[in-house]
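Visitor: Quick one: structure below, then a few questions.
Encoded structure:
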């Protein structure tokens, strides 16, 4: 018995399609090869002179194996999975390793089910790493708790490939048993260990954690690579580490490095691109294009043991993109399983229900009484880390526009409870307020603003529309509703991009820093140093505990 | 609860051992790092300043992760596994990927059991790839037949990691169902495809075969690497491919290349070494030592998905060797799981029973009648391939010492049956005969000699001693008994080396080529082109069929 693909590989029967004339990137040799190849049943079956039912003449172009994002939260695009897929497929991405951490924090296991189901409806391969830390820390009270037993039910499911970023570093170091049980469920375990170094890093790696995408300095990335971690070079909307980390990459280390976007808004995806953008930036920073492409293809596939992709070779998926030129790297066409991806247009996505049970604070709920040395969260341009700043503050003197010290409020999304208040430096707003229901990792409602009335109005609008992003100033209000669990929009991606730009433009007119909603979304992220604000108030990540606003 | 190794990694408790002062090879960065590291429970737990119950000052030396042989038949050393382990451990090897193909062909599943049991008794990690082709071809009638169902019983066993060299290339290309079932049992599937190229190679790789160790030319190796195969650069006793293939290796391709010895006699192991010898030869051939070392460590581990070794890094096995200098590369000490391997000396090995049921041929059984254009097996120096030579021959004129055309006889080892006769060029014997019970892959009794009487006497002696290697000339006889299934000696390795040298010396005095027993052992190997001899007579590997001695 000769199987159909075997007959096609041997040239005994015509293949489904033959692609000829292009220069094909071969990541095994980091070289370009002018060669024809044949595809049968979605897989490459052979190189050489083949006949096919369809024949594509691609002379003059360059073919690259489908690009892979090694770590992404699709929710952070603000797009439903189907719209996300439309957008990144056009940029040559054929596989994303997605961690549905955000929707899992809001909806629990049904949120993971949602991403798996929606992911299966697009040509994009959305491979899921299960969120390891829901809630992110034992102190966080989000929408769900996922134990090892909960995750075990997803093991062996089509499209589930491992355990996502283990961000509970103290839990790992203390030998937390449920966390250990989660790690024992999977062979592939991603890490999340910003600034971790020395003995604690040794212990974290010894525990079986294999990668990190949180490096912000070259020294940090080098230590992690030397100790055996795969280093994911991240370039998100506000997490821009590519330029700093790129000197780590050479022909020897490239197999241990790959690209990740982690959190990238729709507007950046539409404007700058996806992994193709990482490749262009890497080349612009001086990396050989062949090494950048290996990172974006074979290295990423290899890190996850995905031997069915990452290269165009017999038996592997016929996933690839056609580019105009290796260095300019503009993606012209994308093929998934040998079939050209033609954008079928927008189809309204199904959205999971995730009602908001928040109590909108009254102005007197968010007042600051007292004075003294205050802990102020300093946002860091281009990073998700924050600084623990210290300013002499009088509560009555907030907002302090001269020193750019504004109030930040986090309102519990899940219970009609209270709101926590902190101070933040770096947003630049001179009037108005911004608020949103995207707020890693618990996704409570977070706001930053100049006057308490505007803050309250912004939070109230987020609650009224069932989740979204809002800018208010005077009578003016700009809104992006996020119908999907308060995290993702049900709109077409181009409309989301337009709304995002309108939000950005409105905020900019109020004096805001660029990308205010990305910084806003990380203000409550209790797993990245230094200082955060939660629905309970100020949180010191290094001490891993709530602290008072005034330090004395 | 903090686990002991976690406490050691964090420096909260002393480690079992600390190694300090050496330059440690780091294959992730292809670089040397002067650093101290700590070991707990056999694994590296951390780098930096640690305390340990034992402290080793290794200043002035170089440490390299334990060397890995990516593909070896231990039986080909002629040593029992315990003696093999003693010898290669002293050369810095801590893991071998062993295919017990020879003993499985003789003894069946109990032969595999034997290797697993004996392997578990030594500090060397003998990881088993299950023999995929027992018998090697459907035409071979050896000592056993192993079906997919037989192999399935070994799946999940400690130390079993995949399916070994799939040498039945025609079976793969024809979609043979039992072979397909075997390949579906394992994620890791090694290949064996000498000279395979173009569409047949595409089909072979499409079928899911991931590596090859049979490349003999650079072009062949390059094609296989480009098509996605791991290339094992082989350097055995008579299979010397290293120098030809080495130009394939650079910083980009090194992760896809590793070293294998396949078949290396005890005398070569003792005299030249093991994987350390491959490293030295690679460096002498111009490869950067760091790339050679990556091949010998991380690349080999990576090929088999052995993420617990291949580098000294937190969580990985503390397997390493101490060398005097990176380029001279003489192994001074070997550590397995953090403990120095001290040679405990010889312990008599257990040997599996494997009686010989051969009928010793009479001289009239092996006569050659007729004349004409004869198919003569041409041995190729330093290779296991043979050439299909054509000489005008008169049966009565054999042996033809002038043209170096001798008779080769293969006697069925398993049944009191007949003997096959062929002609061979290249052995150089001017008198006497050599015979042995090591004869890939069926391990019948194979002999080459000048006179029929000597041939018969040599075969008779092999049968009398229950398997072994024999040189006879006149009244003189040199013998190495192989008590273990007629494949391996029960003697200490140094005695085996002495006996092998005596055999070699005796054969050399008779005019023999160097390493006659290695060439002899491959004369009946029906899976490597071009021409072979079996108990049935002459065999054409390319046509995959028996052929007559005279071609017309």
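Chains as they are written, first to last, in our numbering: chain A, 1 to 552; chain B, 1001 to 1552. A virtual CB, placed ideally from N, CA and C, is assigned to each residue, including glycine.
So the candidates are A:356, A:228, A:422, A:171; which of them puts its Cα closest to the Cα of residue 1314 of chain B?
Guide: Start at 1 with the first residue of the second chain, and residue 1314 of chain B comes out as number 314. Minimum Cα distance to residue 1314 of chain B is reached at A:228.
Visitor: Spatial neighbours of residue 1393 of chain B within its chain, please: CB distance less than 6 Å, with the 5 preceding and 5 following residues excluded, ordered by chain position.
Guide: Counted from its first residue, the second chain places residue 1393 of chain B at position 393. Excluding sequence neighbours, residue 1393 of chain B sits near 1374.
Visitor: Can you tell me where the alpha helix (DSSP H) holding residue 1084 of chain B begins and where it ends?
Guide: As a first step, residue 1084 of chain B must be located in the second chain, where it is residue number 84. Note, residue 1084 of chain B: alpha helix (DSSP H), 1081-1089.
Visitor: Could you check the C-alpha separation between residue 251 of chain A and residue 1064 of chain B for me, to the nearest Å?
Guide: Position 251 of the first chain, counting from 1, holds the residue named residue 251 of chain A. Position 64 of the second chain, counting from 1, holds the residue named residue 1064 of chain B. Whole-angstrom Cα-Cα distance: 21 Å.
Visitor: Is the separation between the beta-carbon of residue 1434 of chain B and that of residue 1531 of chain B shorter than 8 Å?
Guide: Here the question's residue 1434 of chain B lines up with position 434 in the second chain. Here the question's residue 1531 of chain B lines up with position 531 in the second chain. No, Cβ-Cβ distance for residue 1434 of chain B and residue 1531 of chain B is not below 8 Å.
Visitor: The ligand ADP heavy atoms versus the CB of residue 1246 of chain B: any closer than 7 Å?
Guide: Ligands are entirely absent from the displayed structure, and the ligand ADP is therefore not among its contents.
Visitor: Excluding five sequence neighbours on each side, which residues of the same chain lie with their C-beta closer than 6 Å to the C-beta of residue 125 of chain A?
Guide: By 1-based counting over the first chain, the position of residue 125 of chain A is 125. Counting only Cβ-Cβ distances below 6 Å, and skipping sequence neighbours, we find 95.
Visitor: Below 8 Å on the Cβ atoms is my contact criterion, and I expect residue 49 of chain A with residue 16 of chain A to pass it. Report the Cβ-Cβ distance as a whole number of Å.
Guide: Along the first chain, read from residue 1 onward, the residue named residue 49 of chain A stands at position 49. Along the first chain, read from residue 1 onward, the residue named residue 16 of chain A stands at position 16. Between residue 16 of chain A and residue 49 of chain A the Cβ distance is about 16 Å, and since that is not below 8 Å, they are no contact.
Visitor: Can you give me, in chain order, the residues of the region 1002-1029 of chain B that have a beta carbon less than 7 Å from any beta carbon in chain A?
Guide: The region 1002-1029 of chain B vs chain A, Cβ under 7 Å: 1002, 1003, 1005, 1006, 1009, 1010, 1011, 1026, 1028, 1029.
Visitor: Kindly list, in the order they appear in chain B, the residues whose Cβ is closer than 7 Å to that of residue 385 of chain A.
Guide: Along the first chain, read from residue 1 onward, the residue named residue 385 of chain A stands at position 385. Those within 7 Å of residue 385 of chain A in chain B number zero; the least Cβ separation is about 24 Å.
Visitor: Roughly how many whole angstroms lie between the Cα atoms of residue 1467 of chain B and residue 1265 of chain B?
Guide: For the purposes of this step, residue 1467 of chain B is identified with residue 467 of the second chain, where counting begins at 1. For the purposes of this step, residue 1265 of chain B is identified with residue 265 of the second chain, where counting begins at 1. Roughly 17 Å separates the two Cα atoms.
Visitor: Taking the beta carbon of residue 1506 of chain B as the centre, do at least 16 other beta carbons fall within 10 Å, making it buried, or is it exposed?
Guide: The residue labelled residue 1506 of chain B in the question sits at position 506 within the second chain. Residue 1506 of chain B comes out buried.
Visitor: Among B:1461, B:1108, B:1258, which one has its Cα closest to the Cα of residue 1027 of chain B?
Guide: Position 27 of the second chain, counted from the first residue, corresponds to residue 1027 of chain B. Taking only the C-alpha atoms, the option nearest residue 1027 of chain B is B:1258.
Visitor: Kindly indicate which residue of A:146, A:431, A:442 has the alpha-carbon position closest to the one of residue 455 of chain A.
Guide: Within the first chain, the letter at position 455 stands for residue 455 of chain A. Comparing Cα positions, the closest option is A:431.
Visitor: Measure the CB-CB distance between residue 300 of chain A and residue 292 of chain A and report whether it falls below 8 Å.
Guide: Here residue 300 of chain A refers to the residue found at position 300 of the first chain. Here residue 292 of chain A refers to the residue found at position 292 of the first chain. No, Cβ-Cβ distance for residue 300 of chain A and residue 292 of chain A is not below 8 Å.
Visitor: For residue 1118 of chain B, does the count of other Cβ atoms within 10 angstroms reach 16, so buried, or fall short, so exposed?
Guide: On the second chain, position 118 is the one that residue 1118 of chain B refers to. Buried is the call here.
Visitor: Within the 8 Å Cβ cut-off, does residue 1225 of chain B reach chain C?
Guide: Considering every chain present, this structure includes no chain C. Its protein chains are A and B.
Visitor: For residue 1310 of chain B, count the other beta carbons within 10 Å of its own beta carbon; 16 or more makes it buried, fewer makes it exposed. Which is it?
Guide: For the purposes of this step, residue 1310 of chain B is taken as residue 310 along the second chain, with counting starting at 1. Burial call: buried.
Visitor: Closest to residue 200 of chain A by C-alpha separation, out of A:222, A:191, A:169, A:225, would be which residue?
Guide: Taking the first residue of the first chain as position 1, residue 200 of chain A is located at position 200. Taking only the C-alpha atoms, the option nearest residue 200 of chain A is A:169.
Visitor: With the cut-off set at 8 Å, would you say residue 1025 of chain B and residue 1056 of chain B are in Cβ contact?
Guide: Taking the second chain and counting its residues from 1, one reaches residue 1025 of chain B at position 25. Taking the second chain and counting its residues from 1, one reaches residue 1056 of chain B at position 56. Against a cut-off of 8 Å, the Cβ pair of residue 1056 of chain B and residue 1025 of chain B comes out as no contact.
Visitor: Strictly below 9 Å CB to CB, what residues from chain A border residue 1033 of chain B?
Guide: Here residue 1033 of chain B refers to the residue found at position 33 of the second chain. Under the 9 Å cutoff, chain A gives 226.
Visitor: Have a look at B:1457, B:1500, B:1102, B:1236 and flag the residue whose alpha-carbon is nearest the alpha-carbon of residue 1363 of chain B.
Guide: By 1-based counting over the second chain, the position of residue 1363 of chain B is 363. Taking only the C-alpha atoms, the option nearest residue 1363 of chain B is B:1457.
Visitor: Please confirm whether residue 1474 of chain B has its beta-carbon closer than 8 Å to some beta-carbon of chain A.
Guide: Translated into the one-based positions of the second chain, residue 1474 of chain B becomes position 474. Residue 1474 of chain B does not count as touching chain A.
Visitor: Roughly how many angstroms separate the alpha carbons of residue 447 of chain A and residue 409 of chain A, rounded to a whole number?
Guide: What you label residue 447 of chain A is simply residue 447 of the first chain in a count that begins at 1. What you label residue 409 of chain A is simply residue 409 of the first chain in a count that begins at 1. Their Cα atoms are separated by approximately 5 Å.
Visitor: Give the interface partners of residue 205 of chain A over in chain B, defined as CB-CB distance under 8 Å, in chain order.
Guide: For the purposes of this step, residue 205 of chain A is identified with residue 205 of the first chain, where counting begins at 1. Simply 1313, 1314, 1315.
Visitor: Do we get a CB-CB distance below 8 Å when we pair residue 1464 of chain B with the residues of chain A?
Guide: Counting from one through the second chain, the residue named residue 1464 of chain B turns up at place 464. False, the Cβ-Cβ gap to chain A never drops below 8 Å.
Visitor: Could you give the distance in angstroms between the alpha-carbon of residue 981 of chain B and the alpha-carbon of residue 1034 of chain B?
Guide: Since the displayed chain B opens at 1001 and closes at 1552, residue 981 of chain B lies outside it and no answer follows.
Visitor: Buried or exposed, going by whether 16 or more other CB atoms sit within 10 Å of the CB of residue 361 of chain A?
Guide: Translated into the one-based positions of the first chain, residue 361 of chain A becomes position 361. The residue in question, residue 361 of chain A, is buried, as its Cβ has 16 or more Cβ neighbours within 10 Å.
Visitor: Could you give the residue range of the beta strand (DSSP E) that holds residue 1110 of chain B?
Guide: For the purposes of this step, residue 1110 of chain B is taken as residue 110 along the second chain, with counting starting at 1. Not the beta strand (DSSP E): residue 1110 of chain B falls in the alpha helix (DSSP H), residues 1109-1119.
Visitor: May I ask you to list, following chain order, the residues of the region 225-251 of chain A that have a beta carbon less than 8 Å from some beta carbon of chain B?
Guide: Per Cβ criterion, the list reads 225, 226, 227, 228, 250, 251.
Visitor: At a CB-CB cut-off below 7 Å, which residues of chain A make contact with residue 1338 of chain B?
Guide: Counting from one through the second chain, the residue named residue 1338 of chain B turns up at place 338. None at all; the shortest Cβ gap to chain A is about 14 Å.
Visitor: Per DSSP, residue 147 of chain A is paired with what?
Guide: Indexing the first chain from 1 puts residue 147 of chain A at position 147. Partner(s): none; residue 147 of chain A has no beta bridge.
Visitor: Could you spell out the range, first to last residue, of the alpha helix (DSSP H) harbouring residue 154 of chain A?
Guide: Indexing the first chain from 1 puts residue 154 of chain A at position 154. Residue 154 of chain A -> no alpha helix (DSSP H), and no H or E assigned at all.
Visitor: Please list, in chain order, all residues of the same chain as residue 1234 of chain B whose beta carbon is under 6 Å from its beta carbon, the five residues on each side excluded.
Guide: Walking along the second chain from the start, residue 1234 of chain B turns up at place 234. Answer for residue 1234 of chain B: 1213, 1241, 1260, 1262, listed in chain order.
Visitor: Determine whether the Cβ of residue 1202 of chain B lies closer than 8 Å to any Cβ atom of chain A.
Guide: Sequence index remark: in the second chain, residue 1202 of chain B carries index 202 (1-based). With 8 Å as the cut-off, residue 1202 of chain B counts as an interface residue toward chain A.
Visitor: Which residue comes first and which comes last in the alpha helix (DSSP H) that contains residue 1171 of chain B?
Guide: On the second chain, residue 1171 of chain B is found 171 positions in, with the first residue counted as 1. That run of the alpha helix (DSSP H) goes 1169-1174.
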